[in-house]
Structure formats: structure tokens, C-alpha cells
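Novice: Could you have a look at this structure, given as C-alpha cells, before my questions?
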Amino acid sequence: MCEDRKPEISVEKAVSKNLKRAYNIMHVGTNRLFKNTNITVAQFNLMETILHSGDRSLSIQDLTEKTISLQPNITRMVAELKNAGLVTRRSGTDRRTVNVQLTAKGVETVEAIQKPLFEFHLLQYKNLTKEELELLNSLLGKLARP
Numbered sequence: 016m017c018e019d020r021k022p023e024i025s026v027e028k029a030v031s032k033n034l035k036r037a038y039n040i041m042h043v044g045t046n047r048l049f050k051n052t053n054i055t056v057a058q059f060n061l062m063e064t065i066l067h068s069g070d071r072s073l074s075i076q077d078l079t080e081k082t083i084s085l086q087p088n089i090t091r092m093v094a095e096l097k098n099a100g101l102v103t104r105r106s107g108t109d110r111r112t113v114n115v116q117l118t119a120k121g122v123e124t125v126e127a128i129q130k131p132l133f134e135f136h137l138l139q140y141k142n143l144t145k146e147e148l149e150l151l152n153s154l155l156g157k158l159a160r161p
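Using our numbering, the first residue of the sequence shown is number 16, and each one after it goes up by one.
Right under this line is the structure:
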């Protein structure tokens with residue numbers, strides 16, 4: 016007799032599959048939140064990074080280090096945000112370094128999105144305990160290190 020048996024899936028493949036599924040769910044939900052805004056998720060992340068910096072001013076290099084974007088993408092996003100009136104670019108005493116600051120409109124934009132985004136995250140993680148979330152964060156951090 017021939018049994019219809021499915022081949023076993025390795026735990027590595029199962030983890031990869033679940034990570035992709037979770038990413039897709041998060042990505043679609045986050046994009047829905049940003050559909051009616053004038054900025055992208057990546058632009059929001061950049062602006063929120065500036066907002067949470069001590070002096071609310073970061074160089075392109077600092078933004079590259081603090082976000083998951085590459086420097087050319089940061090430069091492009093800053094130009095788009097500047098054109099939208101959400102950030103300003105200022106040179107300090109060193110003309111080689113340009114600092115990016117949020118305008119009042121930029122601060123308002125970030126603050127308007129933060130609460131609905133936080134509520135979305137609460138909904139996404141409602142089935143996990145605080146301890147599970149901390150473990151997940153720690154494990155994902157390990158995966159993200161080269």
C-alpha cells in the first residue's frame with residue numbers, strides 16, 4: 016500500500032515561510048494606513064527617526080546608520096520631503112555635512128500617523144505575550160546581524 020505522505024519541511028524552511036507571511040501581512044496593513052497620507056512608510060520612518068533624535072536634527076550619515084535605508088535612498092527621500100515642506104536641510108559650520116530637520120508640518124504629519132500605526136501594531140501582536148514579543152524581537156535582531 017502506498018501512503019500519501021507529504022515530505023517533511025525543515026524548520027528553517029518553515030521559519031522562512033512564516034517570516035514571509037508575517038511580513039506580507041504587516042506590509043499590506045501598513046500600506047493601507049499610509050494610503051491616504053502624502054508620505055511613504057520609508058519616509059515616515061525617516062521622519063520619526065529625526066523626531067526622536069535629541070536635537071531633532073540628523074545628518075544624512077546619521078540617518079543612514081539609524082534607519083534600514085541606503086544613503087542614496089535617504090538623499091532622495093530627504094529631497095522629496097523637502098519639496099513637500101516636511102523637512103529642511105541646513106548646513107552647519109562644516110559645509111560637507113548637511114543636517115535634516117523636521118518642519119512644523121513634518122512634526123504634525125508624524126504625530127498624526129503615530130497613533131493609528133501604534134494601534135495597528137497592537138492589533139497585529141495581540142496574540143503574543145510581552146515575553147513572547149521580547150523573545151521575538153531578540154531573535155529577529157540576531158537574524159538581522161551580519
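Glycine included, every Cβ here is placed at the ideal spot set by N, Cα and C.
Only a predicted model underlies this, so the values are computations on that prediction, with no experimental measurement involved.
1. Can you tell me which of the three DSSP states N88 falls into?
2. By how many angstroms is the C-alpha of Q139 removed from the C-alpha of L66?
3. Determine, using beta carbons only, whether E146 comes closer than 8 Å to chain C.
4. Starting from R36, follow its DSSP beta bridges and name the residues at the other end.
5. When you compare only the Cα positions, how much space is there between G156 and A37?
6. Is the stretch 140-152 close to the stretch 87-94, with three or more CB pairs under 8 Å?
7. Give a yes or no on whether the C-beta atoms belonging to Q58 and I75 are separated by under 8 Å.
8. Quick one: which unbroken beta strand (DSSP E) runs of 3-plus residues sit fully inside the stretch 29-81? Chain order, please.
9. Find the nearest neighbour of L73 within the set T82, V115, E27, K28, judged by alpha-carbon distance.
10. Per the DSSP calculation, L117 is bridged to which residue(s)?
11. Could you tell me the distance, in whole angstroms, from the CA atom of K120 to the CA atom of L101?
12. Look at the alpha carbon of I40 and the alpha carbon of N33, and state the distance between them as a whole number of angstroms.
13. Tell whether a beta-carbon distance below 8 Å holds between T82 and L61.
14. Considering only C-alpha positions, which residue in the set V125, E134, G69 is nearest to T55?
15. Hey, could you find the ends of the alpha helix (DSSP H) S153 is sitting in?
Specialist: In short:
1. Note: N88 maps to helix in three-state DSSP.
2. 24 Å
3. The structure shown contains no chain C; it holds only a single protein chain.
4. Looking at the DSSP assignment, R36 forms no beta bridge with any residue, so it has no partner.
5. 16 Å
6. no
7. no
8. 72-74
9. V115
10. V102
11. 6 Å
12. Rounded to the nearest angstrom, the two C-alpha atoms are 11 Å apart.
13. Between T82 and L61, the C-beta gap is smaller than 8 Å, which places the two residues in contact.
14. Cα-wise, what sits closest to T55 is V125.
15. Note, S153: alpha helix (DSSP H), 145-159.
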